[in-house]
Every structure is written in structure tokens, then in C-alpha cells.
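Notes to accompany the following structure.
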Amino acid sequence: PEQVREAGLSFDMFKCLASCNGADAVAHRAPDAGKFNVEEEAFTEAFRASVRATSRSQERECIVVCYSREALGQSGAGHFSPIGGYHEESDSVLILDVARFKYPPHWARLE
1279 PEQVREAGLS FDMFKCLASC NGADAVAHRA PDAGKFNVEE EAFTEAFRAS VRATSRSQER
1339 ECIVVCYSRE ALGQSGAGHF SPIGGYHEES DSVLILDVAR FKYPPHWARL E
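Here our numbering is used: the first residue of the sequence shown is 1279, the next is one more, and so on.
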């Protein structure tokens, strides 16, 4: 508990906690950042398809992302929050920030 309070959760720890609490958790890691390449393009397309499907689903499922707040111009580093929807025209996802006291829900473009 103290380690989590100090350093936060790793991606693998988050997946393990979700699984241990009954979620059918499937983890996908984005390719390393860098030049736009075929691997990044394939990951983005697969992520977009998953977001579309989950947003339209009537099942009890969700997507939780671990993202860099810094990349969105926010303070902080790695952060976990669920995706609340997808806007086709802007190719953006609605991030339902779990730290609502700090950031309200916000849209982030996929590319």
C-alpha cells in the first residue's frame, strides 16, 4: 500500500487488480513512441475499432487507458481513466478523468 501511495500503480499492477476483482481484463500496450510507423498505425486502428465497438456495446464493458497527462498539456505523468465515448467526426475519445477535482471529462484526439 505504501509503495502504491508513493509511486502509483504500474500498468501490470492495474491489470492484475482488475483481474483479481473479477474483470475480464485484456491488456494492450501501445508501441514505443517515435516515428510514425506501420506498428503504430496498426495499433491506432485497432484501438479506434475497440473504442467504437465498446462505445456502441450494450454489454457491461469499458476501456481504461493509461496515458500521459503531460502529452495532453496537463500536470502530472501517467494516469488511468476510463473512456466514456467516441466522436467519429473529430476522431476523439472522451476521457472520464477519475480525478474530477483536478480535471473534468475531456476530449482527446486519437492521432
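Glycine included, each C-beta is placed from N, C-alpha and C at the ideal position.
- Item | Buried versus exposed, by CB contacts within 10 Å (16 or more), D1375 | The residue given as residue 1375 occupies position 97 in the sequence shown. Answer is buried; the Cβ neighbour count reaches 16.
- Query: What are the start and end residues of each continuous beta strand (DSSP E) run of 3 or more residues lying completely inside the region 1305–1350, in chain order?
  - Reply: 1342–1346
- Rounded C-beta distance between G1363 and S1333? I'm assuming under 8 Å. As a first step, residue 1363 must be located in the sequence shown, where it is residue number 85. As a first step, residue 1333 must be located in the sequence shown, where it is residue number 55. Contact between G1363 and S1333 holds: their C-beta atoms lie close to 5 Å from each other, under 8 Å.
- Do V1316 and V1343 have their CB atoms nearer than 9 Å? Here residue 1316 refers to the residue found at position 38 when the sequence shown is read from its first residue. Here residue 1343 refers to the residue found at position 65 when the sequence shown is read from its first residue. It is not a contact, given that the beta carbons lie outside the stated cut-off.
- Query: Leaving out five residues before and five after A1346 in sequence, what residues of the same chain have Cβ atoms less than 7 Å from its Cβ?
  - Reply: Here residue 1346 is taken as the residue at index 68 of the sequence shown, counted from 1. Contrary to the premise, residue 1346 reads as Ser rather than Ala in this sequence. The residues are A1355 and G1356.
- Message: Can you check which of these residues, Q1336, P1279, K1380 and E1323, is closest to S1359 by C-alpha distance?
- Response: By 1-based counting over the sequence shown, the position of residue 1359 is 81. Residue K1380 is the option with its Cα nearest to S1359.
- Do you know offhand how far P1382's Cα is from G1286's? Translated into positions along the sequence shown, residue 1382 becomes position 104. Translated into positions along the sequence shown, residue 1286 becomes position 8. Taking the straight line joining both Cα atoms gives about 21 Å.
- S1359 - containing alpha helix (DSSP H), residue span: In the sequence shown, counting from the first residue as 1, residue 1359 sits at position 81. Note, S1359: premise wrong, no alpha helix (DSSP H); beta strand (DSSP E) at G1356 to H1365.
- Message: Going by the DSSP bridge assignment, what does A1296 pair with across the sheet?
- Response: Here residue 1296 refers to the residue found at position 18 of the sequence shown. Looking at the DSSP assignment, A1296 forms no beta bridge with any residue, so it has no partner.
- Inter-residue Cα distance where the pair is E1389 and I1373: The residue you call residue 1389 lines up with position 111 of the sequence shown. The residue you call residue 1373 lines up with position 95 of the sequence shown. Going by the C-alpha atoms only, they are around 15 Å apart.
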